[in-house]
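Each residue of the first sequence is one higher than the last, beginning at 892 in our numbering.
Accompanying notes for the structure given below.
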Amino acid sequence: MSYHFNEIEAKWQKYWADNHTFKAENNSDKPKYYVLDMFPYPSGAGLHVGHPLGYIASDIYARYKRHKGFNVLHPQGYDSFGLPAEQYAIQTGQHPAITTETNIKTYRRQLDQIGFSFDWSREVRTSNPEYYKWTQWIFIQLFESYYCKDSNMARPIAELISVFEAEGNTRINAACDDDVTAFTAEDWNGFSSEEQQDMLLKYRLTYLAETEVNWCPALGTVLANDEIVNGVSERGGHPVIRKKMTQWSMRISAYAERLLQGLETIDWTDSLKESQRNWIGKSVGASVTFNVNGHDAVIDVFTTRPDTIYGVSFMTLAPEHDLVSKITTADQKVEVETYIVATAKRSERDRMADVKTISGVFTGAYAEHPFTKEPIPIWIGDYVLAGYGTGAVMSVPCGDQRDYDFAKHFNIPIPNIFEGVDISEEAYSDKDNTVIANSDFLNGMNYKKATKRAIYELEQLGQGEGKTNYRLRDAVFSRQRYWGEPFPVYYVNGKPQMIALEHLPIVLPEVEKYLPTEEGEPPLGRADVWAWCTESNAVVGNDKVNDTTVFPLELNTMPGWAGSSWYFFRYMEEAANRADVFATEKALKYWENVDLYIGGSEHATGHLLYSRFWVKFMHDRGFVGVDEPFKKLINQGMILGTSAFVYGLWVSFSNHNSEEDLNSGDNKIADDVNRPFLLVISKDKFDEIDTDQIDIDEIEDWIVDKFPNSTPPCMFDKNASIKNIFNYTPMTIHADVSFVNASDELDFETFKNWREEYNNAMLFENSTYKVGRDVEKMSKSKYNVVNPDNICEQYGADSLRLYEMFLGPLEQAKPWNTAGITGVHGFLKKLWKLYVDDNSVKVSDAEPSKDNLKTLHKTIKKVEEDIENFSFNTSVSTFMIASNELTQQKCTSKAILEPLLVLISPYAPHIAEELWHKLGNDQSISTAPFPKFEEKHLVESNKNYPISFNGKMRFTLELPLDMSKDDIEKTVMAHEKTIAQLQGREPKKVIVVPGKIVNIVG
RNA sequence: GCUGAAGUGGUGGAAUUGGUAGACACGUUGGACUUAAAAUCCAAUGUCCAUUAGGACGUACGGGUUCAAGUCCCGUCUUCAGUACCA
């Protein structure tokens, strides 16, 4: 019986599916464990070997936890809204739903063949109306909530309304827009309904706001920062302008502090927490108000160094700052406007990338220093960003390098307010060693004291207060796309209204084209049936809009992160019970949150921040019990491709004969000479030619010989009156990695047939050709993509799973090289032979030997530790060692070989299941308990001591472990090799660490 | 610039607490089996010197602590990832 992995794997995959082996129970006495993968976007390209890496790791963990007696929830689904399907729809007219469905089928087939223990009965798809009904519902809840800073949580907007009615907003401490003005109960009650709605919108957790976006008129769409290159769109190179648009936003900034604090409670890597901290960007300081001389205006700034307020020698506003046009003097007007136009052309990214160029313009206006009342010139400069803080800074050149550079460049004074510090070369920004000088009441104080005092004095003047600023900006939630969740929103007199839960989902309408309208409206603007009737509570034709009972619906759709911000809760509920709830209270309470989440680090600040925000919100409003979605998180590293390179010279011919000469018959050119060809040469030769290190005579002669039929003979000589002249161009070609075998040898025939231009390629050296190798990102264009389908067919899913783990540490980026898979495949074959010989199962009831037991228990210990530490690569080595040892020991004992299968089953479940049943078990191996480690089998009586001299190991000596320190020293010193090493010298010192090492110094 | 991670044989990597550096594989070389190939099995494989015995050098580089350093400390360089001129 040999190891027919294809049959075995198909058989058990079917068994697991038929028997619902991995179905999670919502009623169980076992402790729960929730293992989740970041769900994939089903792209048209299907999976390559890099995608399953994280899934294999989480699957091993899930299977391990089942063996350990846990009720494991290990679901999978699809993040199925997204751009590629929409792009494809724009190009082909095919509905994105169809594309998505096709892609999901491919994904499912590919995932199934790898043998994952997913509970597919709980699958979710974000593009499914039954799912996005609840995404819409959560959006409505955000709309119906505000953030109360006193209780530090989200509360129903109805509470806010009753406060407004009773006492106005003066005592309300809530997260809201900056421009909210104070009003009384009387004011409120006097507001029109529209005015009230506008006011409430400034408090809601999701709100409409004017946002600056990158608008590309030619594409009719908004572009993200990284879709713009050099001021034009990446696709098509069309001009892009900054444009204000009304869009939905999420008031995530209200949660900044809690998102920061929450990081302390979860088990994520430090680097990931650090990037979230940076993203949230908390800084503590003060806001300071400067009066503008001669204007009824003030400039608010935020500073982290209020202690340096006496060092202010100018102010800088962002060019976009509202005040700029108001305060600029007539003299400076032209210059200022020119500067503003120039900066508007530069994208935010360009401005940030270009750090060295210092630019700015004086507005002609002055502000008044709050304490000295001195006039301070007001400049504009593009190093101040409109989007951060107030878009204005108080510039303290002696304490901030950017202010310093700016001041130097424009000859603005740099007053020194630090005691004993030289600022002639650069600014002094070390706040820990600061002693303030030349600063009136702050003189002699350190940073801490001076900051406190400065804030106090500012408060006395009413021109400032202590303030904490966050970089985190509210998140834009509108997309001008088709393939996303529609908003459950219609407009009455331009004011947004929510549609009640019982009428959800609002299903995406049909459109004929997936492009924006000619007027620049989003694609939903093309839908004919896209209006809301408040009488029938249904979506009706646009022609029925009358603005009394039928109203227009929102045309934007939600962004990609909407559906992925809560999907982990949906899995908790069994599909049958999902109709009326996003998940039942009972299910939510049982599963709580995700115990282990595995996915790529590219989601560090997007998905992982937004889902934390939504979960905190849902927690506040009592929809879920937990405050954080993912207890433990692991980022798997990227699998890189090992590209294969073919090096060659592209040889072409130039013919200096006239057409006449050619036809005369005197000069004959062989047919094959008319066609350029690729001459494939070794990398070494290529490098030499490329760097002009060698004469290529050798190659030229070879080519001339190859075309003996040409008259006159082909030559390279460019000076002679010879007619057939060769030219060559060195070329490096990405060959498809499937043309290359384990020894890097190219299948030259396949390569030739790959492309027409290589059909007549020739090998310079008539032997096998070794390709060059380099590690790059796995991508179609580099022909280094390896498809798991081929691997499964050729080596089996178990080999694929083991090899992906064997490659290296889970979190590390590492190159894929299919050649190495023979190692783990060979291991599986060896393992098989340990259980089965030519005719039958050879496992017996024989008593295990001491060695057998030692091997088994060593393996149990190591594998268990490895899984707990997510060190899957080392477990695979451990399995290899165990199987090598047991083979050598000729072990056939069931008492050893049966538990060994359970250890291996999380990694290679198919072969384990097959052998498990061959041993006479009739239940799935996934129900077997994890073997128990027993220390007693590892107890040794002897230790092979390394004996070192001055720290260098010279020989080993086997000694009993219970030997005393003194006896060890005596035995070692008496040993002949020791005497030989010392050559009569007297050792200065002998270090004996019992059970570890002996070191002789001297 | 800043933040984070990482630099170990020809390659992927191991060494979890400072204690025999290179486990386990790949590749390479040699051998067995075979008409042959594949498959399988056996042996060698950090570099250098040495016939052997053995020795020297070796974990990016330069220092340091220690009986002992891949591991700890200081400095430098390189690579990768993320990013914000953040006041």
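Don't be surprised by glycine CBs; every beta carbon is placed ideally from N, CA and C.
Considering only the beta carbon of each residue, do residue i and residue j sit closer than 7 Å?
{"i": "E1401", "j": "M1449", "result": "no"}
{"i": "A1495", "j": "S1166", "result": "yes"}
{"i": "H1212", "j": "G1282", "result": "yes"}
{"i": "I1269", "j": "A1277", "result": "no"}
{"i": "M1771", "j": "F1718", "result": "yes"}
{"i": "I1267", "j": "C1289", "result": "no"}
{"i": "S1534", "j": "N1675", "result": "yes"}
{"i": "A1688", "j": "G1176", "result": "no"}
{"i": "R1845", "j": "Q1872", "result": "yes"}
Rounded to whole angstroms, what's the CA-CA distance from residue i to residue j? Just pull it up for me.
{"i": "V1380", "j": "M1509", "result": "20 Å"}
{"i": "S1012", "j": "A1478", "result": "15 Å"}
{"i": "G945", "j": "F1082", "result": "56 Å"}
{"i": "I1613", "j": "K1576", "result": "Interpretation of I1613 is limited by its pLDDT of 41, a score under 50 that renders its predicted location unreliable; no figure is taken from the coordinates."}
{"i": "S1555", "j": "R1566", "result": "Note that S1555 has pLDDT 48, beneath the 50 cutoff, so the model's placement of it is unreliable and the number below is only indicative. Whole-angstrom Cα-Cα distance: 21 Å."}
{"i": "F1697", "j": "I947", "result": "12 Å"}
{"i": "H958", "j": "Q982", "result": "49 Å"}
{"i": "P966", "j": "A901", "result": "21 Å"}
{"i": "K1435", "j": "A1366", "result": "34 Å"}
{"i": "D1608", "j": "A980", "result": "At D1608 the pLDDT is 47, less than 50, meaning the model places this residue with poor confidence and gives no usable figure here."}
{"i": "N1428", "j": "G1416", "result": "20 Å"}
{"i": "D970", "j": "K1749", "result": "42 Å"}
{"i": "Q1223", "j": "A1256", "result": "9 Å"}
{"i": "P1837", "j": "I1882", "result": "12 Å"}
{"i": "M1653", "j": "L1637", "result": "13 Å"}
{"i": "D1518", "j": "I1029", "result": "16 Å"}
{"i": "Y955", "j": "P1800", "result": "11 Å"}
{"i": "K1574", "j": "K1705", "result": "24 Å"}
{"i": "E1551", "j": "Y1619", "result": "Here the model assigns E1551 a pLDDT of 45, short of 50, so the residue's position is not dependable, and the following value carries that caveat. Cα-Cα distance, rounded: 26 Å."}
{"i": "I1787", "j": "N1743", "result": "7 Å"}
{"i": "A1147", "j": "C1683", "result": "46 Å"}
{"i": "E1667", "j": "D1273", "result": "37 Å"}
{"i": "L1392", "j": "Q1351", "result": "51 Å"}
{"i": "M1389", "j": "E1155", "result": "36 Å"}
{"i": "Q1032", "j": "V940", "result": "40 Å"}
{"i": "L1777", "j": "K1724", "result": "11 Å"}
{"i": "T1102", "j": "E1426", "result": "34 Å"}
Starting from residue i, trace the beta strand (DSSP E) both ways and give me its first and last residue.
{"i": "N1169", "result": "Note, N1169: premise wrong, no beta strand (DSSP E); alpha helix (DSSP H) at D1161 to I1171."}
{"i": "E864", "result": "For residue 864 there is no data in the structure shown, the boundaries of the chain being 892 and 1893."}
{"i": "E1259", "result": "V1252 to E1259"}
{"i": "S919", "result": "S919 -> no beta strand (DSSP E), and no H or E assigned at all."}
{"i": "A1429", "result": "A1429 to V1431"}
{"i": "P1047", "result": "M1044 to P1047"}
{"i": "K1879", "result": "Taken as a continuous stretch (DSSP letters only), K1879 belongs to no beta strand (DSSP E), as it is neither H nor E."}
On the premise that residue j lies in contact with residue i, defined as a C-beta separation below 8 Å, what is that separation, rounded to the nearest angstrom?
{"i": "Y1037", "j": "A1065", "result": "5 Å"}
{"i": "T1220", "j": "T1195", "result": "In fact, because the Cβ distance is near 31 Å, the residues do not count as touching under 8 Å."}
{"i": "F1761", "j": "L1848", "result": "F1761 to L1848, Cβ: 38 Å. No contact."}
{"i": "A1773", "j": "L1791", "result": "7 Å"}
{"i": "L1349", "j": "A1341", "result": "Contact doesn't hold; Cβ gap of about 12 Å is too wide."}
{"i": "M953", "j": "V926", "result": "One detail in the question is off: residue 953 reads as Ala in this sequence, not Met. Between V926 and A953 the Cβ distance is about 4 Å, and since that is below 8 Å, they are a contact."}
{"i": "F1309", "j": "I1327", "result": "7 Å"}
Between which two residues does the alpha helix (DSSP H) holding residue i run?
{"i": "A1283", "result": "Note, A1283: premise wrong, no alpha helix (DSSP H); beta strand (DSSP E) at A1283 to S1286."}
{"i": "Y952", "result": "P943 to H958"}
{"i": "T1234", "result": "K1224 to K1236"}
The ligand MN and residue i: does any heavy atom of the ligand fall closer than 6 Å to the residue's C-beta?
{"i": "T1641", "result": "Ligands in the displayed structure: none, and consequently the ligand MN is not present."}
As an exercise, report each continuous beta strand (DSSP E) stretch of at least 3 residues that is fully enclosed by the stretch 1648-1708, in chain order.
Fully contained in the stretch 1648-1708 are the following beta strand (DSSP E) runs of length 3 or more, in chain order: 1663-1668.
Could you pull out every unbroken alpha helix (DSSP H) segment of at least 4 residues lying fully inside the stretch 1059-1106, listed in chain order?
Here the runs fully enclosed are 1076-1081 and 1084-1092.
Enumerated in chain order, which unbroken segments of the beta strand (DSSP E) with a length of 3 residues or greater are wholly contained in the stretch 1774-1853?
DSSP runs (the beta strand (DSSP E)) wholly in the stretch 1774-1853: 1833-1840 and 1843-1851.
Extract the residue ranges of the alpha helix (DSSP H) inside the stretch 1306-1388, only unbroken runs of 4 or more that lie entirely within it.
Listed in chain order, they are 1338-1352.
May I have a chain-ordered list of the beta strand (DSSP E) segments no shorter than 3 residues that lie completely inside the stretch 1472-1556?
Whole beta strand (DSSP E) segments, 3+ residues: 1485-1490, 1521-1526 and 1530-1546.
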